[in-house]
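Undergrad: From first to last, the protein sequence lines stand for chains A and B. So in the working numbering, spot 403 of the first sequence is number 403, and the numbers just go up one at a time. So in the working numbering, spot 306 of the second sequence is number 761, and the numbers just go up one at a time. Even glycine gets a Cβ: it sits at the ideal position worked out from N, Cα and C. Have a look at this one.
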Amino acid sequence: MWNRENLEAQWAGWTERAERVMSVVRPYRHRIALFLAVVGPGLIVSNVDNDAGGIYTYAQAGAKYGNTVLWSLIPMTIALYVSLEMCSRMGAVTGKGLSDLIREEFGFRVTFFLMAAILVVNLGNVMAEFTGVFWASETFGVSRFISVPLAGLLVWAIVVAGTAKWVERIFLSICVVYLSYVVSAFFAKPEWLIALLHLLPPQLMHYIPTVRPFVQVPPFSAGYAIILAGLVGTTIAPWQHFYLQAAVVEKRVGPRQYPATRNDVLVGSISCMIIVFFIIVCTSSTLFVNGIHDIDNAGTAALALKPLAGKWASALFAIGLLNASLFAASILPLSTSYVICEALGFESGIDNKFSEAKIFYGLYTALIAMGVIFVLFLGRFANTILLWSQVLNGFLLPVVMIFVLILVNRRDLMGEQTNPKGFNWVAWISTVAMIVLTLMVAYSSIRELMSHPVS
Amino acid sequence: MLYATELMGAKTYDVQGNYVGKIREFFIEPADQSNRIAHYLLSRGSFQPLVARHDQVAAVAPGNVRLNVNERSLEPYEPNEAWLAVQKDLLDQQIIDTSGRKVVRVNDVDLAEQRTNGSIELRVTQVDVGLPGAVRRLFQGIAPQKFIRKVQGQFPPRSIRWEFVNLVESDPLRRVKLRITHEKLEDLHPADLADIVEDLSAAERQGIIASLDEETAAEVLAELDARLTSQIVEKLDPEKAADILEEMAPDAAADLLADLPKETSEELLEEMPGHEAAEVRELLEFDPSTAGGMMNSEFVFVGEGSSREEVLKWMREQDLNLDQLDTVVLLDRAAQFSGTVPVARLLLAHPEQTLADLKIEPLLSLPPDASEKEVFEIFDKYNLRMLTIVDEDKRPVGAITVDDVVSRLLK
Numbered sequence: 001m002w003n004r005e006n007l008e009a010q011w012a013g014w015t016e017r018a019e020r021v022m023s024v025v026r027p028y029r030h031r032i033a034l035f036l037a038v039v040g041p042g043l044i045v046s047n048v049d050n051d052a053g054g055i056y057t058y059a060q061a062g063a064k065y066g067n068t069v070l071w072s073l074i075p076m077t078i079a080l081y082v083s084l085e086m087c088s089r090m091g092a093v094t095g096k097g098l099s100d101l102i103r104e105e106f107g108f109r110v111t112f113f114l115m116a117a118i119l120v121v122n123l124g125n126v127m128a129e130f131t132g133v134f135w136a137s138e139t140f141g142v143s144r145f146i147s148v149p150l151a152g153l154l155v156w157a158i159v160v161a162g163t164a165k166w167v168e169r170i171f172l173s174i175c176v177v178y179l180s181y182v183v184s185a186f187f188a189k190p191e192w193l194i195a196l197l198h199l200l201p202p203q204l205m206h207y208i209p210t211v212r213p214f215v216q217v218p219p220f221s222a223g224y225a226i227i228l229a230g231l232v233g234t235t236i237a238p239w240q241h242f243y244l245q246a247a248v249v250e251k252r253v254g255p256r257q258y259p260a261t262r263n264d265v266l267v268g269s270i271s272c273m274i275i276v277f278f279i280i281v282c283t284s285s286t287l288f289v290n291g292i293h294d295i296d297n298a299g300t301a302a303l304a305l306k307p308l309a310g311k312w313a314s315a316l317f318a319i320g321l322l323n324a325s326l327f328a329a330s331i332l333p334l335s336t337s338y339v340i341c342e343a344l345g346f347e348s349g350i351d352n353k354f355s356e357a358k359i360f361y362g363l364y365t366a367l368i369a370m371g372v373i374f375v376l377f378l379g380r381f382a383n384t385i386l387l388w389s390q391v392l393n394g395f396l397l398p399v400v401m402i403f404v405l406i407l408v409n410r411r412d413l414m415g416e417q418t419n420p421k422g423f424n425w426v427a428w429i430s431t432v433a434m435i436v437l438t439l440m441v442a443y444s445s446i447r448e449l450m451s452h453p454v455s
Numbered sequence: 456m457l458y459a460t461e462l463m464g465a466k467t468y469d470v471q472g473n474y475v476g477k478i479r480e481f482f483i484e485p486a487d488q489s490n491r492i493a494h495y496l497l498s499r500g501s502f503q504p505l506v507a508r509h510d511q512v513a514a515v516a517p518g519n520v521r522l523n524v525n526e527r528s529l530e531p532y533e534p535n536e537a538w539l540a541v542q543k544d545l546l547d548q549q550i551i552d553t554s555g556r557k558v559v560r561v562n563d564v565d566l567a568e569q570r571t572n573g574s575i576e577l578r579v580t581q582v583d584v585g586l587p588g589a590v591r592r593l594f595q596g597i598a599p600q601k602f603i604r605k606v607q608g609q610f611p612p613r614s615i616r617w618e619f620v621n622l623v624e625s626d627p628l629r630r631v632k633l634r635i636t637h638e639k640l641e642d643l644h645p646a647d648l649a650d651i652v653e654d655l656s657a658a659e660r661q662g663i664i665a666s667l668d669e670e671t672a673a674e675v676l677a678e679l680d681a682r683l684t685s686q687i688v689e690k691l692d693p694e695k696a697a698d699i700l701e702e703m704a705p706d707a708a709a710d711l712l713a714d715l716p717k718e719t720s721e722e723l724l725e726e727m728p729g730h731e732a733a734e735v736r737e738l739l740e741f742d743p744s745t746a747g748g749m750m751n752s753e754f755v756f757v758g759e760g761s762s763r764e765e766v767l768k769w770m771r772e773q774d775l776n777l778d779q780l781d782t783v784v785l786l787d788r789a790a791q792f793s794g795t796v797p798v799a800r801l802l803l804a805h806p807e808q809t810l811a812d813l814k815i816e817p818l819l820s821l822p823p824d825a826s827e828k829e830v831f832e833i834f835d836k837y838n839l840r841m842l843t844i845v846d847e848d849k850r851p852v853g854a855i856t857v858d859d860v861v862s863r864l865l866k
């Protein structure tokens, strides 16, 4: 039976079947490729947002105040979208990065101080990312003296080897790990309707008699305000605006391609917030309900994944944390040095040789090296730095927003594409709200730092 | 040597020693002299700003300027589009360095004093794009002069001579008024120019392409990536765009038009001369991923019976596109495709040899609906530099050259 002809006939049958399978798969492959090509800066920029500091803050918010923080997500989504959309629009219309525009319209000195502030703030963020690596590796019992320098080298090499684009996509795919929060939230069997109800402002829902018994009104306290500000601070960061606008310019998005980019930004903002929603619901229905109101280490945060992963919860959490930290750490230092060099007129970009763009590579290397060194030798100040980096982010954000708002409303730059009136209102209101929240946080964190001097 | 930053804000006194105001701006009048500071803007609080002409200035030093006339002979300031403002139009803006072939940002402007009868003229010698200029910009007005000079000395200077500076202005009217031409850019290699153009913003890009001659513009567009090219062409004046398309190889023009919205490409095709438009239209019919979509309808074909000498003589008389002239296509008596002769073979052949003797074996061609992949494979297998595309009647309709294949493979 197994003669030669038979084999050949079989083989032919196989190839035919394989062909048929391929003809079905091919269109999908094409579609996936198309999707990856469209995975634009908007999606990346909002997903990098869910970094170490972000996850920490969301989990903290859920554990501490349960469902009562959920109402802030919708206004935050709007604020995130509005602020990012303005930058992407400016990029598409003017074809210039945010830092270039600031330099051209506000002069060297203003730009210099703004860049100095961005450097300091982003250095804080980079430190926070490496702290995330440190916490994640601790869960696996790996010494930070191995994991953190390794992570630093990896991130540095990724960019210098010029493979950043690919790696971005890999990280973006590992972001699927965040979905474990979604699944875990389902396993924890929270009261979905009640959680969804809290997406509307509970302060108002409270007055509707039929839903009243289900609504928890948030406490009016300093601690609650800090958590709110923390949420805003980790979700809307100054560096995102620079990164997004530069990416839009680099992708040669023009007015005709702009609608696609706007959708990308919209999808990015919403998807980021959906993840945040599930993280909060998940932590709220696992930790808050069980009376665990304070997350002091990665172990406690991982408890939220227990309903899904059981004893593997902490491993799953650590993988997510590691990915988030590495993702952000590979994007932040690069975008920081790029923005600064562009604004101040130094050669920048990874297509330059080291000798051609010394300052660019120097800055990039220094940011990573300082992040690594900080975690290695001053790891015990990690919480202080996390706190401060968020406070500084919060301080810088309104400043950047004001620059953005002035520029985007300039008719000589934007032509017909200046902000519509309603848009301006939303943008200014969110800016003012951010300023108020920032001042509250600054006040309380400075008080906290004063009252608990770091030993 | 003086720097514009150091002089900005200098207190100015008239011939009697009366305070007139502070210097707020320098203007160059390119229509008159390309590098002379022609006017100084002086302002004092809420008074109407005044303008001092170059021949009214007696002495210039950092922080202190003297005029040789009375305050009353100065004219009130009227904005003038034909004046190039050093602070507004130059400082912090991007310019093209034509000697270094790149786009740079101006930190400061260096000025030289020139004594003419009774007055001092300032001439722009170079623009500072390095750290010393940055240091001056940062500390001017908040640190003592000596300190600034000392700190800036620590850094290596990086400047561009004024004659190599090409300004970038996106407003076409202003460009004319400021006498900005891009003649110097036309001397650059199209690939370098394309790199420069890529570094600029959309409006500036538009301005540069619009002001280049059609031939250079076509060469630059061919070097840019497809998305940029279609954005630029879409916004060009249709007549100019059609002129540029005419200069491009028909396949490149067809690729470009395929990326444009239907109405725009139709409009451009109508602007183009009938013969060339027809060629491009034909190419547009083909699916871009087939041999027909890759081919170029411009190729050289001769009868296979003609001698080498006849062919060369004929070719000299034609206005042939040298980029495409790598291989000659042969036709037999029935006007069907009968082979190809690389120009290198033609070069070495005897004058009286017929082309039929010179043609290369085997006889290769593909139909227009052959897939991209088939094209790649045949190029790879036979190490081709050019492949003839024939229709059902074996008549050559186009040719694919190796550069078409390379650019397709890189996509």
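Just by C-beta distance, which residues in the stretch 89-112 of chain A are closer than 9 Å to chain B?
TA: Taking 9 Å as the Cβ-Cβ cut-off against chain B, the residues of the stretch 89-112 of chain A that qualify are A92, V93, T94, G95, K96, D100, R103, E104, E105, F106, G107, F108, R109, T111, F112.
Undergrad: Check the Cβ of L593 of chain B against every Cβ in chain A and list those closer than 8 Å, keeping chain order.
TA: The contacting residues are F108, R109, F112.
Undergrad: What distance in whole Å lies between the Cβ atoms of F288 of chain A and A59 of chain A, which are believed to be in contact at a cut-off of 8 Å?
TA: About 10 Å; that fails the 8 Å criterion.
Undergrad: Going by DSSP, what residue range makes up the beta strand (DSSP E) through A514 of chain B?
TA: First-last of the beta strand (DSSP E) with A514 of chain B: 512-516.
Undergrad: Considering only heavy atoms of the ligand ATP, does any lie closer than 7 Å to the CB of A709 of chain B?
TA: Only the bare structure without any ligand can be found here, which leaves the ligand ATP out of the picture.
Undergrad: Of all the CB atoms in chain A, is at least one closer than 8 Å to the CB of S554 of chain B?
TA: No, its Cβ sits nowhere closer than 8 Å to a Cβ of chain A.
Undergrad: From G291 of chain A to E105 of chain A, what distance separates their C-alpha atoms?
TA: Distance between the alpha carbons of G291 of chain A and E105 of chain A is about 53 Å.
Undergrad: Verify the CB distance criterion: does R447 of chain A have a CB-CB separation below 8 Å to chain B?
TA: It does not; no Cβ of chain B falls within 8 Å.
Undergrad: Quick check: the stretch 760-768 of chain B against the stretch 807-816 of chain B, are at least 3 beta-carbon pairs closer than 8 Å?
TA: Contact between the stretch 807-816 of chain B and the stretch 760-768 of chain B is present, because at least three Cβ pairs lie under 8 Å.
Undergrad: Applying the 10 Å Cβ sphere with the 16-neighbour rule, what's the burial state of N383 of chain A?
TA: The residue is exposed, with fewer than 16 neighbouring Cβ atoms inside 10 Å.
Undergrad: Using the beta-carbon of each residue, which ones in chain B are nearer than 8 Å to L407 of chain A?
TA: Result: empty, since nearest Cβ-Cβ is about 13 Å, beyond 8 Å.
Undergrad: Suppose the cutoff is 7 Å on Cβ atoms and the five residues either side in sequence are ignored; what does the same chain contact list for T57 of chain A look like?
TA: Correct list, in chain order: G230, L231, T234.
Undergrad: Report yes or no: is there a C-beta of chain A within less than 8 Å of the C-beta of R604 of chain B?
TA: Output row for R604 of chain B: interface = no.
Undergrad: Measuring only the C-alpha atoms, how far is R634 of chain B from P627 of chain B?
TA: Whole-angstrom Cα-Cα distance: 11 Å.
Undergrad: I want to verify the contact list: residues of chain A whose CB lies under 7 Å from the CB of Q548 of chain B, in sequence order.
TA: Those are E104, listed as they occur along chain A.
Undergrad: Smallest Cα separation from T94 of chain A: which of A:H241, A:I74, A:Q245, A:L119?
TA: Among A:H241, A:I74, A:Q245, A:L119, the Cα nearest to that of T94 of chain A belongs to A:Q245.
Undergrad: Using a Cβ cut-off of 7 Å, which residues of the stretch 682-706 of chain B contact any Cβ in chain A, in chain order?
TA: Result list: R682, L683, Q686.
Undergrad: Tell me N838 of chain B's beta-bridge partners as DSSP assigns them.
TA: In the DSSP output, where bridge partners are listed per residue, N838 of chain B has none listed.
Undergrad: Alpha carbons only, please: which of B:R521, B:H494, B:V520 is nearest the one belonging to R508 of chain B?
TA: Taking only the C-alpha atoms, the option nearest R508 of chain B is B:H494.
Undergrad: Could you have a look at V253 of chain A and say whether DSSP puts it in helix, strand or coil?
TA: Looking at V253 of chain A - three-state DSSP - the assignment turns out to be coil, as it is neither helix nor strand.
Undergrad: Could you tell me whether the Cβ atoms of T684 of chain B and L667 of chain B are closer together than 8 Å?
TA: The answer is no: Cβ separation not under 8 Å.
Undergrad: With DSSP collapsed to three states, give me the class of T210 of chain A.
TA: Of the three classes helix, strand and coil, the one that applies to T210 of chain A here is coil, per DSSP.
Undergrad: Find the residues of chain B that neighbour R410 of chain A, judging by a C-beta separation of less than 7 Å, and give them in chain order.
TA: In chain order: nothing, as chain B lies at least about 14 Å away.
Undergrad: Once the 5 residues before and after L802 of chain B are set aside, which same chain residues still bring their CB inside 8 Å of it?
TA: Closer than 8 Å at the Cβ level, and outside the excluded window around L802 of chain B, lies no residue.
Undergrad: What does a CB cutoff of less than 6 Å around E16 of chain A pick up in its chain, not counting 5 residues either side in sequence?
TA: So the list is empty, once near-sequence residues are dropped.
Undergrad: Would you verify that the beta carbon of R252 of chain A is, or is not, closer than 8 Å to some beta carbon of chain B?
TA: Closer than 8 Å: yes.
Undergrad: Among B:S744, B:V470, B:A707, which has the Cα closest to the Cα of D527 of chain B?
TA: Inspection of the sequence shows that residue 527 of chain B is occupied by Arg rather than by Asp. For the residues B:S744, B:V470, B:A707, the minimum Cα distance to R527 of chain B belongs to B:V470.
Undergrad: Determine the DSSP secondary structure at S625 of chain B, reduced to helix, strand or coil.
TA: Coil.
Undergrad: Could you tell me how far apart the beta carbons of E706 of chain B and D859 of chain B are, in whole angstroms, since I believe they sit closer than 8 Å?
TA: Checking the displayed sequence, the identity of residue 706 of chain B turns out to be Asp instead of Glu. Confirmed, about 7 Å.
Undergrad: Which residues in the same chain as F140 of chain A place their Cβ atom closer than 7 Å to its Cβ, once the five residues preceding and following it in sequence are excluded?
TA: Within the same chain, F140 of chain A has close Cβ partners A318.
Undergrad: Work out the CA separation of V757 of chain B and L821 of chain B for me, nearest whole Å.
TA: Between L821 of chain B and V757 of chain B, the C-alpha separation is close to 19 Å.
Undergrad: Would you mind reading off the limits of the alpha helix (DSSP H) that contains N47 of chain A?
TA: That run of the alpha helix (DSSP H) goes 41-48.
Undergrad: Anything in chain B within Cβ reach of G345 of chain A, meaning under 7 Å, just list it in chain order.
TA: Under the 7 Å cutoff, chain B gives V559, R560, N562, V584.
Undergrad: Taking C-beta to C-beta, are V404 of chain A and H241 of chain A nearer than 8 Å?
TA: Yes, they are a contact pair.
Undergrad: Exposed or buried, R89 of chain A, counting other C-beta atoms within 10 Å across all chains shown (16 or more means buried)?
TA: Per the 10 Å Cβ criterion, buried.
Undergrad: Just grab the DSSP bridge partners of S762 of chain B for me.
TA: In DSSP, S762 of chain B forms a bridge with B:T809.
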